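Participant: Anchor point for the sequence shown: position 198 equals 197 in numbering that gives the first Met the number 0, and the numbering is continuous, going up by one each time.
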Amino acid sequence: MAREPAPSLDAIAAAVLAGETSAVALLEAAEREQARREAADPPLNAFLAFGGEHARASADAADARVRAGESTPLAGVPVAVKDNLCTLDYPTTCGSRILEGYVSPYEATVVRRLREAGAVVVGKTNLDEFAMGSSTEHSAWGPTRNPHDAARVPGGSSGGSAAAVAAGIVPVALGSETGGSVRQPAALCGIVGVKPTYGRVSRYGLVAFASSLDQVGVMARSVADAARVTAIIAGEDPLDSTAALLPVPDYVAEMQSGLDGLVVGIPDEFFPDELDAGMRAACEAAIDVIRATGAEVRRVSLPHTTHAIPTYYLIAPAEASSNLARFDGVRYGLRAAGATTTEDVYYGTRAQGFGDEVKRRIMLGTYALSAGYHDEYYDRAQRARALIARDFARVFADGVDVLFTPTTPTTAFLIGENDADPYRMYLADTFTVPANLAGVPAISVPIGTAGGLPVGGQFMAPMFGETAMFAAAYGLERALAGGAE
Ligand code: GLN
0 MAREPAPSLD AIAAAVLAGE TSAVALLEAA EREQARREAA DPPLNAFLAF GGEHARASAD
60 AADARVRAGE STPLAGVPVA VKDNLCTLDY PTTCGSRILE GYVSPYEATV VRRLREAGAV
120 VVGKTNLDEF AMGSSTEHSA WGPTRNPHDA ARVPGGSSGG SAAAVAAGIV PVALGSETGG
180 SVRQPAALCG IVGVKPTYGR VSRYGLVAFA SSLDQVGVMA RSVADAARVT AIIAGEDPLD
240 STAALLPVPD YVAEMQSGLD GLVVGIPDEF FPDELDAGMR AACEAAIDVI RATGAEVRRV
300 SLPHTTHAIP TYYLIAPAEA SSNLARFDGV RYGLRAAGAT TTEDVYYGTR AQGFGDEVKR
360 RIMLGTYALS AGYHDEYYDR AQRARALIAR DFARVFADGV DVLFTPTTPT TAFLIGENDA
420 DPYRMYLADT FTVPANLAGV PAISVPIGTA GGLPVGGQFM APMFGETAMF AAAYGLERAL
480 AGGAE
């Protein structure tokens, strides 16, 4: 799919501030593109809620601020927000029947920060139910399609946000990560996706999936745009005690040095023999480019990352089974009709409200936490997690600045391809979950194509090392575009 050169967020905001365009005009352009995508056969289905009077009121307010002489970094910029982030105007459904029509009484900190920066939230994007999935097929409101090929998935679980950006409906979107849900769909849709360090960005108002892993992320058309928005949403928050009390660097200013002088580690375990040939070729070509920029490329080993998938698929469902206990038919959304006893309300609501994948996770997680199995499964997974994190700490202590790997084992797969075998679907997260388990920041950047479909390359950095991560990604993006490095 040929993409026209798209303006940066800085350029869009500058045009709004200069009066060359307006928040309302940008919203109307997004509405036209969204309508075109929904009129297609099949429709893209990137959004669960779009436009309407909320978006219009928000755009009017953004324009009023410009007229009042206020200068904000995202003035008038249309943004899309994954539907597991609480908004005051649109419903927040998490792609689940159990939250159908639910409107949150409070707003996520990241959403508030975007609005304060002048952005206009134009809609809520589709996702795998409760962010559990890698394809956006498990939404109660049907799958989102990949803008590059409608027969294929956009990845997931932030597939709606990825498709909305890749299709040009919005220049930037928020997603969320527990095990790769920003980077994997970014890779499959040919855009940039960032998962910040655990604790870099407030999780207040992000509906909890697995609290020791969850983190809000950014999906954008360029590294600079992703860095700009990460800096805006990052930083301490009195409403989330896991949000670190560390200053937020000016990532865009500090990433200009690119790859020059960086030591880039290539971990053997992320290039297994069975890696898809097209993926391998694209990554090796990118490594040659990285070397040509003046970076030092070094082979390294992260031996315990081979245990990342079983570790993640114990810890994440265990935490989910506890977090999702709150959806009981009493406090939020759906309540089973005709139930007379409290027990019937619980059973009926959860049986009707949750989809199959969510039920599978709740059962797996409850089992892993139950008496007699806790030590064998959950505690062992926690120990494996510590070893995985230690591998990262060791290579970074040995002088490696960033690690480079493929983001995913394959390009976008066909809708329905992994239906019969959930474990095959879980393997889509092989290269992304290690960073979540270790808490380190990671970014996916487009590095080329295989079989005509986008390929993403991933940089991972030490905790709170976003500056080096953005610098490396920016350096590669610039070198691939043929610019000076
Ligand atoms: N695909 C992974 C899962 O299904 C990751 C999901 C996520 O990061 N939210 O759990």
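By construction, the Cβ of each residue, glycine as well, lies at the ideal position given by its N, Cα and C atoms.
Values in this document were obtained by computation on a predicted structure and should not be read as measured data.
1) Check for me: the alpha helix (DSSP H) holding R55 runs from which residue to which?
2) Could you tell me which residues DSSP pairs with K81 in its beta bridges?
3) Taking S321 as part of the alpha helix (DSSP H), name the residues at either end of that continuous run.
4) Please classify E176: is it buried, with 16 or more other beta-carbons within 10 angstroms of its beta-carbon, or exposed?
5) Consult DSSP for E19 and reduce its assignment to one of helix, strand or coil.
6) For P142, count neighbouring C-beta atoms within 10 Å of its own C-beta (all shown protein chains included) and say buried if the count is 16 or more, exposed if not.
7) Could you have a look at D267 and say whether DSSP puts it in helix, strand or coil?
8) What residues are listed by DSSP as bridge partners for F458?
9) Roughly how many angstroms lie between the CA atoms of A74 and V23, to the nearest whole one?
10) DSSP on A535, reduced to helix/strand/coil?
11) Is V217 closer than 8 Å to V171 when the C-beta atoms are compared?
12) Would you kindly check if the distance between the Cβ of L126 and the Cβ of V152 is under 8 Å?
13) With H, G and I counted as helix, E and B as strand and the rest as coil, what does DSSP make of A483?
14) What residue range does the beta strand (DSSP E) around G174 cover?
15) Hey, which unbroken runs of the alpha helix (DSSP H) at 4 residues or more fall wholly within the region 230-255?
16) Considering only heavy atoms of the ligand GLN, does any lie closer than 7 Å to the CB of M218?
17) In whole angstroms, what is the alpha-carbon distance linking A276 and T339?
18) Mark E52 as exposed unless 16 or more other C-beta atoms lie within 10 angstroms of its C-beta, in which case mark it buried.
19) How would you call I428, buried or exposed, if buried means at least 16 neighbouring beta carbons within 10 angstroms?
20) Assuming S103 contacts L87 (C-beta within less than 8 Å), just tell me the rounded distance between them.
21) Tell me, please, which residues DSSP counts as bridged to G192.
22) Tell me whether the beta-carbon of L436 lies closer than 8 Å to the beta-carbon of A388.
23) Indicate whether the contact test is met: 3 or more Cβ pairs, each with one atom in the region 308-315 and one in the region 270-289, closer than 8 Å.
24) Look at the alpha carbon of L479 and the alpha carbon of V288, and state the distance between them as a whole number of angstroms.
25) With a 10 Å radius around its C-beta and 16 neighbouring C-beta atoms as the bar for buried, classify G259 as buried or exposed.
26) Sort L475, C282, V206 and T341 by Cα distance to G406 and report the nearest one.
27) Whole angstroms are fine: how far does the CA of Y345 sit from the CA of A56?
28) Looking at the structure shown, is T384 part of a helix, part of a strand, or coil, going by DSSP?
29) In chain order, what residues of the same chain have a beta carbon less than 8 Å from the beta carbon of I308, not counting five sequence neighbours either side?
30) How big is the Cα-Cα spacing for L301 and A319?
31) Leaving aside the five residues before and after Y105 along the sequence, list all residues of the same chain whose C-beta is less than 8 Å from its C-beta, in chain order.
32) Name the residue from G371, R384 and F395 whose alpha carbon lies nearest to the alpha carbon of V299.
33) Buried or exposed: V65, going by 16 or more other Cβ atoms within 10 Å of its Cβ?
34) Measure the C-alpha to C-alpha separation of D418 and D148 and round it to an integer number of angstroms.
35) Once DSSP output is grouped into helix, strand and coil, what is the label at D148?
Facilitator: Straight from the coordinates:
1) G51 to R66
2) T124
3) A307 to N322
4) buried
5) Residue state, collapsed to three classes: coil.
6) buried
7) helix
8) F403 and I442
9) 11 Å
10) Because residue 535 is not part of the residues shown, which for the chain are 0 to 484, the question remains open.
11) yes
12) Judged by beta-carbon spacing, L126 lies beyond the 8 Å limit of V152, meaning their Cβ atoms are not closer than that value.
13) The predicted position of A483 is uncertain, since its pLDDT is 47 and thus under 50; a value taken from the coordinates is nonetheless stated next. Coil, per DSSP.
14) Segment V171 to E176, the beta strand (DSSP E) holding G174.
15) 250-253
16) M218: no, Cβ never under 7 Å from the ligand GLN.
17) Roughly 58 Å separates the two Cα atoms.
18) exposed
19) Correcting the residue identity first, residue 428 is Asp in this sequence and not Ile. Label assigned to D428: buried.
20) In this structure, S103 and L87 form a Cβ contact; the two beta carbons are roughly 7 Å apart against a cut-off of 8 Å.
21) M218 and S443
22) yes
23) Result no; under three Cβ-Cβ pairs closer than 8 Å.
24) Cα-Cα distance, rounded: 7 Å.
25) The residue asked about is misnamed: residue 259 is Asp in this sequence, not Gly. Exposed is the call here.
26) According to the sequence as given, residue 406 is Thr; it is not Gly. Of the candidates L475, C282, V206 and T341, the one whose C-alpha sits nearest the C-alpha of T406 is C282.
27) The straight-line gap from Cα to Cα measures roughly 38 Å.
28) The question names Thr, but residue 384 is Arg in the sequence shown. If DSSP states are grouped into helix, strand and coil, R384 belongs with the helices.
29) Y425, L426, D428, T429 and V432
30) 27 Å
31) C85, L87 and G204
32) F395
33) With 16 or more other Cβ atoms from the protein chains shown falling within 10 Å of its own Cβ, V65 counts as buried.
34) 19 Å
35) Of the three classes helix, strand and coil, the one that applies to D148 here is strand, per DSSP.
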